[in-house]
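Structure record follows, encoded as structure tokens.
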Amino acid sequence: MLLLIPLFPFIGFLVNAAVGRRLSKSVSGLVAVAAMVASFGVALVSVVQLAGLPEESRAIVQNVFTWITSGPFRADFSLRVDPLSALMLLVVTGIGSLIHIYSTAYMHEEPDSEYARYFSYLNLFAAFMLVLVLGSNFLVMFVGWEGVGLCSYLLIGFYYAKKSASDAGKKAFIVNRIGDFGFVLGVLLLFVKFGTIDFQEIAHAASMLSPEATFGTISLATLLLFVGATGKSAQIPLYTWLPDAMEGPTPVSALIHAATMVTAGVYMIGRNAVLFSLAPDTLLIVATIGGATAFFAGTIGLVQNDIKRVLAYSTVSQLGYMFLAMGVGAYSAGIFHLYTHAFFKALLFLGSGAVIHALAGEQDIRNMGGLKDKLPITYWTFLIGSLAIAGVPGLAGFFSKDEILFRTFSSGHTVLWVVGIVTSLMTATYMFRLVFLTFWGERRHAAAPAQSAGHGQADHGHGAHGHDAHGHGDHLHDAPRPMAFALIALTVGSVLAGYIGLPHALGGSNRLEKWLEPSFHAPHVVQAEAGLRTMEPTETTPAASGSDDHAEEASTGTELGLMGVSSAIALAGIGLAWFFFVADPRRSESVAQSFSGLRTLLLNKYYVDEAYDAAIVQPIKVTSERGLWKVMDAGVIDGLVNGTAETVGGLGELLRRLQTGSVRAYAASLLFGAVLVFGYYLWR
Amino acid sequence: MPSLNDYLILSAVLFTIGTAGVFVRRNLITILLSIEIMLNAVNLSFVAFGRAFGTIEGQIIVFFVMTVAAAEAAVGLAIVIALFRHRESLNPDAFTALKW
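Residue numbers (this note's numbering), protein chains in the order written: chain S, 1 to 684; chain G, 1 to 100.
In structure tokens, the structure reads:
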């Protein structure tokens, strides 16, 4: 039955890929949406089944077939649902379904064949993501891992006729490949060490070991896995593909960059929590990279002018939070944030999509403004999403982000906590800068013509007044029904999703953490034992140990205090945005002018792309052209091939002189040969 | 009574004459005749050896060689006639078209 979950979208992909161009839009859209919804239904049933099982044996495994057996090595194509993958399943299929529904309206201007192509990719993407989530060993996970990489390439480069889009697709694919290389090495190292690639068996074997005091095999293996995670989940140093990935259609950004693909790295670390717990060095690196990414991406997000790019950097930044949580051993907090983030980030992306859709492809927030009254549904949903991501109390983002910050603080990483708090301030600021500039104030581009040509998304629903190319400010239309449905559903999620993990300090019981707990421990280990091998790095304070009720009580005060701090920070960030962009917009300009150097640096994203280009891309290009092409290929390889041909040809040229056509010459050589042979035998 | 050596010397002389004929003469028919002389020189040495060692094989081989020689002469002359019809010449140097 588990097989059905990825199979439904895959069938949807096959249908749309095979006969999609002959189907009408409504049919191919329906096929895709139905596939996703069916998958969601099956996932829901599986999760309900799972919840019915007793806690210590809470896992459903389906062994589809034995994939490879070779000596002691054995890899099954088997799927496994446990609490962790159950949560991911619901996120992927649930939010995936909403995004599919949204897409049916968003992509409506595409021709039939393009429309079907889009939905076939979208379904394939979901299928691979589900394989990734369900895989019960590294090999199956890797199938999904690579598959989502492929689909992200296809979807980001969906408008392949546009150079920037096809470049962005290639960039995403190549950068991901770099990470995947690390991932493969990590898996191989684990296989060498444990002799298996099954998650459960590895976790079981690893639970016999004690944490590595120094940098050893497991540290190396987990670090390599983390390299893979930085690629998929867009962390320093491999994050550069994600902002460029905004070239794809907006629902794709929501799907890939909020709900599914980028969470793969976080999920993978959660999946191997037992291993990572054994490698404190790696955990420290993970936490540091996560914190650094959160901070740097946040600063870039402050000054970007493209609505989707701001959201992209915000995604990178929020993913940094998740890695920070993973790194301090608060796996359930990281997964919690993953889950809430999926809601509000998908909401924000889809909301920005609705804005872009309404403005016929305009993405620059400097040309927006005053959309509050024109697009009420979009405005209110977007606002709630922004409040949620900013961490305003009561909304989803608050609980998860606060959990992460609390765990970071209580595990003794004070510096990282400060970084997290500052990032939280920036998050609130840039999100509300977006809200204020987009929806508030006056419309700033009354005469600016639509710049949508490249996006191929003419004004949908403007059929009646489609001739009216100018001044479409008067004809703005709010999200069409399917889009509005998805937005509202996600808004509800963004508000309510957090309550599943209500912390003890607020009178909740943090059900999510309890639910996820078994996934982060080795199988067949008594709980007490598991408690000893703490999930935290070695230097943690006792307060950090999540399952320890005693410490929990003691830290309630701290937690409440920290909650107050982060709420204040969130409100301060919003206030800051208001101060600069609403109260007196000239303030932001004067600040920008007095820090123009910093601003340029941020606008150019710290010149990281340029640095990579100069340090890696250009040298590779030059070596490829000058060295590999002109010397190696044209010189050595072509030289060898042509040289062989020329040698044989020259030899033939010489030897053909022997064929004189004169009978006597042949007779003479015959005689000469005979004399030679006889002479040899006579005088030897 | 000539000794074996005498026969062999005669055979060698005949073979040399035949070889020289093949290379020196410019007439295809003469060349064929020279080849016959070479074959018969070899025949002579075969029978001489056969007699000297008192065995029969030498003579048997000679019969084989004569048979082959007869066939060769028939084929060779037929080719020569065909060539002559083609080019009105018996000079082998006239037939050098089969070359690079």
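Virtual Cβ for every residue (Gly too), placed ideally from N, Cα, C.
Buried versus exposed call for residue i [16 or more other C-beta atoms within 10 Å across all chains shown]
i      : result
S:F65  : exposed
S:M28  : Here residue 28 of chain S turns out to be Ser, not Met, going by the sequence shown. The residue is buried, with at least 16 neighbouring Cβ atoms inside 10 Å.
S:P585 : exposed
S:A354 : buried
G:A70  : exposed
S:Q49  : exposed
G:N43  : buried
S:I289 : buried
S:H550 : Annotation note: pLDDT 47 at S:H550 (below 50); position unreliable, no value reported.
S:V622 : exposed
S:E110 : buried
S:Y379 : buried
G:N5   : exposed
S:Y680 : exposed
S:F520 : buried
G:M1   : exposed
G:F63  : exposed
S:P619 : exposed
S:F54  : In the sequence under discussion, the amino acid at residue 54 of chain S is Pro, which differs from the Phe named in the question. S:P54 is exposed by the Cβ-count criterion.
S:S596 : exposed
S:A543 : Low local confidence applies: a pLDDT of 39 at S:A543 is under 50, so the model's placement there is unreliable, with the coordinate-based value given in what follows. Per the 10 Å Cβ criterion, buried.
S:H465 : Caution is warranted here: a pLDDT of 36 is assigned to S:H465, below 50, making its placement in the model unreliable, and the coordinate value is therefore given only provisionally. Exposed is the call here.
Residue i: contacting residues in chain S (beta-carbon distance under 9 Å)
i     : result
G:F23 : R664, A667, A668 and L671
Closest by C-alpha distance to residue i, when choosing among the options
i      : options                           : result
S:P518 : S:L87, S:A264 and S:L185          : S:L87
S:L225 : S:V303, S:F183 and S:Y430         : S:F183
G:L10  : G:M66, G:I37, G:A41 and G:Q59     : G:A41
S:S509 : S:Y607, S:F399 and S:L405         : S:F399
S:T217 : S:L4, S:A484 and S:L188           : S:L188
S:L130 : S:G498, S:L89 and S:Y267          : S:L89
S:W440 : S:T647, S:S494, S:F10 and S:A583  : S:A583
S:A43  : S:F142, S:L562 and S:T93          : S:T93
S:I488 : S:G169, S:A294, S:F344 and S:F13  : S:F344
S:S24  : S:R117, S:I95 and S:P54           : S:R117
S:D244 : S:Y153, S:G320, S:G228 and S:S120 : S:Y153
G:V75  : G:P92, G:I29, G:L98 and G:F63     : G:I29
S:F73  : S:V61, S:T408, S:Y121 and S:F194  : S:F194
G:V98  : S:L658, S:T423 and S:A674         : It is worth fixing the name first, because residue 98 of chain G is Leu in this sequence and not Val. If we check each option's Cα against that of G:L98, S:L658 comes out closest.
S:T250 : S:G498, S:A165, S:L603 and S:T214 : S:A165
S:K514 : S:A333, S:E559, S:V631 and S:G650 : S:A333
G:T19  : G:H86, G:F95, G:S34 and G:R26     : G:S34
S:A259 : S:Q318, S:V303, S:W241 and S:T282 : S:Q318
S:A254 : S:L98, S:G291 and S:G144          : S:L98
S:G394 : S:G501, S:F199 and S:P376         : S:G501
S:P480 : S:G52, S:S494, S:V37 and S:I377   : S:I377
In DSSP terms, what residue i is bridged to
i      : result
S:T69  : S:R74
S:I60  : S:V81
S:D306 : S:D364
S:G135 : S:L79
S:D198 : S:N137
Beta-carbon separation (whole angstroms), residue i vs residue j, contact threshold 8 Å
i      : j      : result
S:L155 : S:I335 : The Cβ separation is near 25 Å, so there is no contact.
S:V238 : S:T230 : First, the residue type needs correcting, since residue 238 of chain S is Leu and not Val in the sequence shown. Their Cβ separation, rounded to whole angstroms, is 5 Å, which keeps S:L238 and S:T230 in contact under 8 Å.
S:I197 : S:N123 : Not really, about 28 Å apart at Cβ, beyond 8 Å.
S:V310 : S:Y430 : 6 Å
S:T491 : S:L348 : The Cβ separation is near 10 Å, so there is no contact.
G:L39  : G:V65  : 6 Å
S:V422 : S:F295 : 7 Å
S:G420 : S:Y321 : 7 Å
S:R177 : S:D112 : No, S:R177 and S:D112 are not in contact; Cβ-Cβ is about 33 Å, not under 8 Å.
Within chain S, partners of residue i - CB distance below 8 Å
i     : result
G:P92 : S662, V663 and R664
G:A97 : G661
G:T19 : L671
Chain G contact residues for residue i, given Cβ-Cβ distances below 7 Å
i      : result
S:Q618 : By Cβ distance, chain G contributes nothing, its closest Cβ being about 54 Å from S:Q618, past 7 Å.
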